[in-house]
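Heads up, the sequence shown is in the numbering used here, so the first residue is 53 and it goes up one at a time. Beneath this line is the structure, given in C-alpha cells, with notes to follow.
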Amino acid sequence: MKKLLAAVCGGILLLATDASPVAAAETGASSADGNVIEAINVDQQGAQLIVKVALKSAVSSLPTGFSTATPARVALDFMGASNGLGRNTQSVNTGALRNLGLVQVGDRTRLVLNLDKRMEYEVRGEDRFVYVTLTPLPGSVTVPQRLSQFASFQPAQVQSALRDVSFRRGKDGEARIVVELSDANAGVDIRQQGQSLTVDFSKVFVPDELRKKLDVADFGTPVMHLVTQQNGENGRIVITPKGLWEHVAYQTESQFVVEVRPVVEDPNKLIQGSRGGYKGERLSLNFQNVDVRRLLQVIGEFTGMNVVVSDTVSGAITLILKDVPWDQALDIILRQKGLDMRKSGNVISIAPRDELATREKLELESKLQIGDIEPIRTEDFQMNYQKAEELQKLLTTKDAQGNSMLSKRGSAAVDKRTNKLFVQDTPSRLEDVRRLIAKIDVPVRQVLIEARIVEAADTFSRNLGVRLGLMDLAGATAGHGIGGARYTVGGQMSANAYLTGQQATQPAFSESLGVNLPANKIGTATPSAFSFTLFNNSKTQFLNLELSALEADGRGKVVSSPRVVTADQSEALIEQGVELPYESASSSGATTVAFKKANLSLKVTPQITPDGKVMMKLDINKDAPNPKYQLRTGIAIDTKHVKTEVLVENGGTVVIGGIYTQDKRENTNRTPLLGDIPYLGWLFKQKDTTDDRTELLVFITPKIISESLGGR
C-alpha cells in the first residue's frame, strides 16, 4: 500500500507518495533584489508565544495580517520578501501553535500560523527581525465557533455608537444590510449560529430608536427579519435568512455591509454558492499509474466527504497537479475517465455517465408509473384573497404539450358562494397545489397616489390714454344752435343747451373732444382720470384735457390635489367637475341637448417593484369651460392633459410635466401726424402694454401603504 504524506498549510493540502520521485513540498524561490526569510523560531513565555522571524536585511515595513477563527489561524503578508527556509511547512507543537507554513506568490510571502484556539496577535519590528506575540483570548476554547473577524477587539476609551441600520434589496435579489458606525475602527465579528447570522460590534452603543425588529420578508430576499439590540457593552444584529444562502461582509471606512445572497442548489456541484470557479482547499498530487478507485478514496478522506464509487469504475491514472483546489482535481479525474457524479448532502456518488443517465431515467419512469396507480384524494382550500375561479383556471389550463399543473387524473371544482376550491389529485400533486396557494393567496399591497397640479399666473398691464377738445362759443345764442359758434374742434355743443335756449356758457365735455383715446378697462378695473378745463373770462372759449391711466399687476396660484388609493396593478380613477349642456343636431335633423365633461381627473395604474419602488401609468386631466367662447351650439373648454409612465421611489415626489407660456404685447393708437410729434405727440396717442406669464406643473407622489406587521 502506498504511504501518504499530508500537511495543511494556510489552506494548501499537500499529498505525495513514496512511488513518486517528485516531492510535493515546494521550496520558495529566493529573490535577488528583495528581502529573504532566513529563519523562524518560536519561544513560549508564560501564556504568550513569541514567533521570531529573521530576514536577510532590515525590515522596511511591518507585515500586514488578519486572523480567522475556524480554523484558528493568523496570517501575515511579508511584502517584497521570499521564502529562504528551503521548506514550506514547519512543525512547532509549542503551546497552542501546532505548525506554521509559508506560501510565496510573486513578490509576497504569507506566513500562516495554525493554532489550536483563537489568540490575539501583535507585530513589532526590530532591525532585521519581526516579532509576533500571540496572547490567548480570555475564555477561549480549543474548538471555537465559526467566526470571521473584521477587526480585532481593542479597548476603547470612548464607546462608539451605531448611527443607522438600513435594509436594501440588490438587483440580483440579495439582501444588503448597511450599518453606519461612528467609529471606523470598531471591532466587528460575524458568525453563523444555526440558521441565523450574528454580527457583534465591540464596545458599540445602540440608540433606543435603532433597537427594533424589522420584518423584511416582503422584499423577496433570503432574509426574513433582522433584530438590532444591545448585548452588554456590544451592539448586536441578528439576521435570520431562509433556504439556502451565503453571505459576504465588507467594510468601507465607517460603513459596514453584510450581503446575504440566495443560492440555488445544484446537485452536480460539490460546493454550493454563487461565486464562480473552484473553491476547495488547494492540494498537490503526484501519482504514477495509481488506481482510480484508490485515488477517489484518498480525496474523500482528506476532504471529509463521503464518496460512493460504482463497481463499474476501474482503471489507473497518472497525474501531476500542483496547488489546485481539490474540487478541480476531482473534476479533472472524472473527465479523464469518462465518469460523472451526483451529490446528495455530503455524499458523492461516482459512476460512468451512461450508468448515471440510465439510473435517473429509470427513477423518472418509476415515478410516472407510481403516479398512475397512486390513490387519489380530495382536498378543499379556502381562498382568502384570491378568487377561486381564477385559481381553477390556473390549475387546469394546459400548455402547448397538453400538460397542466394537475395530473392526468386530477380535477378542480369551485364553490362561488364560499369561495372554496376543491382539488382531486394524488397526494404529491396536492402538496404542490398547497404550496402554490400559500404563495399566491396573499393580500394585495395598496398604494396611495397623490397628484398636485399647480397653476401659477403673473399678469401685468399698463394703459395710458388722453382726451382733448377745443371750442369757441363767442356770439352763440339760443336759437342759433351750434352753428352760432365761431368754431368747434372735436365735437358740437350739447343738445340740452340748444333746446332750452340757454346761453352756451359750459362745454359739453363728452361731445367736444377732438382726441378721444382714453385708457381701456382691464377686466372690471376702471382707469383713473385726471382732467382739467381752461376757459376765458366770458366763458366762450374752452380747452378740455383729460389724462387717464390704469396699471394692473396680479399674481395667482391654483393648486388642485386629487388623490386615490388602489391595489397593486389595479387601475383607479377619481374625477370632479361639471357636465356642460349644449345643443346638438341628431341624425334626423332634430335638435337635442348633449353634455360635455369639464373635469379634474386622475387615472392611474400602479405596479410595486420588488425593490420597493412604484411604476405608474398616469393619465391626468384638468378641464375648465372658457366663458370667452361660449356658443349656443358648442362649448369651449380649456384642457390641460398629461399621459405618461414613470418610476418613482416610495414616498418620493417627481415632476411629470410642465407648461410655461408668456404673452407679451404692446399696442399704440394715435392720431396720424400729430401723434408722431416728439413729446407733444403724447397728447394724441393711447398706449397699451401687457405682459402675462403662466406656468403649469404636475407633481406625483406614490406611497405604499404598509400593513401592521408583528415585530416592527
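Using N, Cα and C, we set each Cβ at its ideal position, and we do this for glycine too.
- Counting along the chain, the unbroken alpha helix (DSSP H) around F354 starts and ends at 344 to 355.
- Taking the Cα of P724 as reference, the smallest distance to any Cα among K737, L137, P495 is reached at K737.
- With a 10 Å radius around the Cβ and a threshold of 16 neighbouring Cβ atoms, H693 comes out exposed.
- The alpha carbon of V251 has as its nearest neighbour, out of V240, Q307, L416, E261, the alpha carbon of V240.
- Using a Cβ-Cβ distance cut-off of 8 Å, the region 698 to 706 and the region 719 to 735 are not in contact, since fewer than three pairs of beta carbons, one from each stretch, lie closer than that value.
- As the crow flies, the alpha-carbon of L337 is around 7 Å from that of L371.
- In this structure L652 is in contact with E627, their Cβ atoms being roughly 6 Å apart against a cut-off of 8 Å.
- Going by DSSP, R162 is part of the beta strand (DSSP E) stretching over 160 to 167.
- Using a 10 angstroms sphere on the CB of L186, the tally of other CB atoms reaches 16 or more, which defines it as buried.
- Nearest to V376 by alpha-carbon distance, out of L414, G332, E353, F354, is G332.
- Taking all protein chains in view, the Cβ of D675 is crowded by 16 or more other Cβ atoms within 10 Å, so the residue is classified as buried.
- Excluding residues up to 5 positions away in sequence, T141, Q142, S143, V144, N166 lie with their Cβ nearer than 7 Å to the Cβ of N151 in the same chain.
- By the neighbour-count criterion, in which 16 or more other beta carbons inside 10 Å mark a residue as buried, V494 falls on the exposed side.
- The shortest CA-to-CA distance from P188 to any of G147, V103, R387 is the one to G147.
- Per DSSP, the beta-bridge partners of S513 are A604, T742.
- In the structure shown, A440 adopts helical secondary structure according to DSSP, grouped into three states.
- Within its own chain, the residues whose Cβ lies closer than 6 Å to the Cβ of E598, once the five positions on either side in sequence are excluded, are R519, A581, S583, listed in chain order.
- Between V312 and P274, the C-beta spacing is below 9 Å.
- Assigned with DSSP and collapsed to three states, T470 falls in coil, not helix or strand.
- A distance below 8 Å between beta-carbons, with the five flanking residues on each side excluded, links L373 to the following residues of its chain, in chain order: L335, S336, L337, N338, A381, I384.
- With fewer than 16 other Cβ atoms from the protein chains shown falling within 10 Å of its own Cβ, N237 counts as exposed.
- In this structure, V610 lies away from I756, with their beta-carbon atoms at least 9 Å apart.
- In this structure D451 is exposed. Its beta-carbon is surrounded by fewer than 16 other beta-carbon atoms within 10 angstroms.
- Distance from the Cα of T576 is smallest, within the candidate group V656, E603, K419, for E603.
- Across the set G641, S640, E623, the C-alpha of E623 shows the shortest separation from the C-alpha of V499.
- Taking all protein chains in view, the Cβ of V496 is surrounded by fewer than 16 other Cβ atoms within 10 Å, so the residue is classified as exposed.
- Per DSSP, the continuous alpha helix (DSSP H) segment holding V485 begins and ends at 479 to 492.
- DSSP places G367 outside both helix and strand once states are collapsed to three, so it counts as coil.
- Beta-carbon to beta-carbon, A509 and R607 are separated by about 7 Å, close enough to satisfy the 8 Å threshold.
- As DSSP reads the structure, S248 sits in a beta bridge with Q245.
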